[in-house]
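Q:
In our numbering, the protein residues as written are 1 to 138.
1) Using the beta-carbon count (16 or more within 10 Å), is residue 63 buried or exposed?
2) What residue ranges within the stretch 1-83 form continuous alpha helix (DSSP H) runs of no fewer than 4 residues, ordered along the chain?
3) Verify the contact flag: residue 78, CB atom, against every heavy atom of the ligand FAD, threshold strictly below 8 Å.
4) Compare the beta carbon distance of residue 78 and residue 48 with 9 Å and say whether it is the shorter of the two.
5) Measure the C-alpha to C-alpha separation of residue 19 and residue 60 and round it to an integer number of angstroms.
6) Just how far apart, CA to CA, sit residue 98 and residue 11?
7) Does DSSP put residue 104 in a helix, in a strand, or in coil?
8) Does residue 99 come out as helix, strand or coil in the three-state DSSP assignment?
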C-alpha cells in the first residue's frame, strides 16, 4: 500500500486538490469560488505554459532570479513533481514524439493514462543528465 502512495503521490495530490475544490464549492460564496477559479487558472497557466515549459525546459527567455523563484513556487502548486523530471519527460516527448520512447503518447498509453501522468514503468529519465542540460541551457 505504501508503495502505491509513493508511486502515485503527485496524482493523488492532484485528485485531493480537485475534491477539495468541489467541497469548497458547497461551502464558499459563489463570487469567491469564481475568483479562486480565475486566479488558479491564471497562476496555473503562468507557471506551466510560460515558466516551466518555455523558460525552464526550453530556455526560450533569460529571466531574473526572482522570476525563477516565483515560477517554481507556482509550479509546485500544480503537483507535477520535480521540475527536472518534468523537463526530462517533456524533452523526451519532443525527441520521440509519436514514436516508441515517447513518455506520454496517448496512442501507446491511452488517453486516461496520459491525462493522469501514469506512464510506462520502463520510463525512468536520467535526472542528472537533464539537470546538467538545463543548467547549460541545452
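We put the CB at the ideal spot given by N, CA and C, even for glycine.
A: In short:
1) The residue is exposed, with fewer than 16 neighbouring Cβ atoms inside 10 Å.
2) Fully enclosed alpha helix (DSSP H) runs of 4 or longer: 2-7, 9-27, 30-45, 65-76.
3) Here there are no bound small molecules, and the ligand FAD is not part of this structure.
4) For residue 78 and residue 48, yes; Cβs fall inside 9 Å.
5) So the two alpha carbons sit approximately 35 Å from each other.
6) Those two C-alpha atoms are separated by around 24 Å.
7) Residue 104: coil per DSSP, three-state reduction.
8) Residue 99: coil per DSSP, three-state reduction.
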